Amino acid sequence: MIGDDPEELMNDRDRSVVVSGGGTGIGRAIAARFARQGGHVTILGRRPEALSAAAAEIRGTHPVRTVAVDLSDPADVEAALSELPDDVDVLVNNAGGRGTPAAGGGLKEVAERWRRDFDNNVLPAVLLTEALLPRLASPGGRVITIGSVAALRGNGAYGAMKAALQAWNHTLAQQLGGRGATANVVVPGYVAGTEFFGGPATEEELARRRSQTLVGRVGEPEDVAAAVAFLAGPDAGYITGEFLNVNGGTLLGR
Ligand SMILES: NC(=O)c1ccc[n+]([C@@H]2O[C@H](COP(=O)([O-])OP(=O)(O)OC[C@H]3O[C@@H](n4cnc5c(N)ncnc54)[C@H](OP(=O)(O)O)[C@@H]3O)[C@@H](O)[C@H]2O)c1
Numbered sequence: 041m042i043g044d045d046p047e048e049l050m051n052d053r054d055r056s057v058v059v060s061g062g063g064t065g066i067g068r069a070i071a072a073r074f075a076r077q078g079g080h081v082t083i084l085g086r087r088p089e090a091l092s093a094a095a096a097e098i099r100g101t102h103p104v105r106t107v108a109v110d111l112s113d114p115a116d117v118e119a120a121l122s123e124l125p126d127d128v129d130v131l132v133n134n135a136g137g138r139g140t141p142a143a144g145g146g147l148k149e150v151a152e153r154w155r156r157d158f159d160n161n162v163l164p165a166v167l168l169t170e171a172l173l174p175r176l177a178s179p180g181g182r183v184i185t186i187g188s189v190a191a192l193r194g195n196g197a198y199g200a201m202k203a204a205l206q207a208w209n210h211t212l213a214q215q216l217g218g219r220g221a222t223a224n225v226v227v228p229g230y231v232a233g234t235e236f237f238g239g240p241a242t243e244e245e246l247a248r249r250r251s252q253t254l255v256g257r258v259g260e261p262e263d264v265a266a267a268v269a270f271l272a273g274p275d276a277g278y279i280t281g282e283f284l285n286v287n288g289g290t291l292l293g294r
């Protein structure tokens, strides 16, 4: 069971951890993992009710704090700064998604689609990181961004935006190196049980996804949380500017 190892439990004692999109899915599992390990966790998202529900359900050493903010809006991020912790040890840029596709096939809709995917996936990570950089622990700070296998396999504007995050992470790692802090990207394949696809997957879809992996099961939010915990932990201090694939071998296929 994740979090039962006494040494692991020590890892995050009293560290300040900020998780964007921590109210649902992968972000919620990440927040829960850090909370169990003794961290002071703050979760961010646009919907206050999703954040409150997650905060009430996550069992940790300290209460989970919530901050409702649209991370694609610079003014909103600026306004939220007073509610965010003064010191940040771990920043997890997890907020993202695809949103509802714009109807129609004209260039106007194409532009809308690309702008929307940029707003949904690139700006939340970039704006929150820029805002919190002055508060990031130096040395020891860790920035971990959630990418996607779509960056490596395609999937239109969404994949392109996740690839942009990987390129951005190079610059961030270069910036942070001198401060003794690191920046890495966790790159999940398909992960079940989140709001990403707007509803639960059918049995057929799950079987298809399962068959694409080498390990014969689909990803769970906890798989991604474990990779994030590793990159935030004491054994990963010499790893920066990297991408960690968490996809059960999907890239190799079967
Ligand atoms: N599920 C998968 O198969 C999969 C695979 C690869 C990568 N990923 C990535 O994993 C991350 C988490 O996704 P998920 O699968 O856990 O889906 P999810 O349940 O939809 O989680 C996305 C979270 O991000 C928050 N969010 C989105 N836009 C935001 C914004 N502008 N400002 C603040 N919060 C925002 C959402 O909360 P609000 O709606 O309340 O704002 C939500 O809590 C995403 O970056 C996604 O691209 C997912």
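Residues in the sequence shown are numbered from 41 upward in steps of one, following the numbering used here. The beta-carbon is built from N, C-alpha and C at its ideal position, and this holds for glycine as well. Here the structure is a predicted model, which is why all the values come from computation and not from measurement.
Taking 7 Å as the cut-off, one finds at least one heavy atom of ligand 1 near enough to the beta carbon of residue 86.
In the displayed model, residue 65 falls within a helix according to three-state DSSP. Distances from the alpha-carbon of residue 218 to those of 110, 145, 179 put 179 closest. In this chain, the alpha helix (DSSP H) harbouring residue 169 covers 163 to 172. Under the DSSP assignment, residue 105 falls outside any alpha helix (DSSP H), being part of the beta strand (DSSP E) whose first and last residues are 105 to 108. Distances from the CB of residue 74 to the heavy atoms of ligand 1 are all 7 Å or more. A distance criterion of 7 Å places the beta-carbon of residue 90 in contact range of ligand 1, judged by its closest non-hydrogen atom. Annotation: residue 205 to residue 103 spans about 31 Å, alpha carbon to alpha carbon.
In this structure, residue 130 sits near residue 272, with a CB-CB distance shorter than 8 Å. Spatial neighbours of residue 255 in its own chain (CB-CB distance under 8 Å, excluding positions within 5 residues in sequence) are listed in chain order as 288, 289. Taken through DSSP and simplified to helix, strand or coil, residue 53 comes out as coil. Beta-bridge annotation (DSSP): residue 223 is paired with 183. Of the heavy atoms belonging to ligand 1, none sits nearer than 7 Å to the Cβ of residue 195.
When distances are taken from the beta-carbon of residue 188 to the heavy atoms of ligand 1, the shortest one is below 7 Å. Under the DSSP assignment, residue 209 falls in the alpha helix (DSSP H) whose first and last residues are 196 to 217. A direct Cα-to-Cα measurement between residue 134 and residue 236 gives close to 12 Å. Linking residue 165 to residue 97 through their CA atoms gives a straight-line distance of about 25 Å. The Cβ neighbour count for residue 228, taken over all protein chains shown within 10 Å, is at least 16; the residue is labelled buried. No Cβ-Cβ contact shorter than 8 Å links residue 225 with residue 177.
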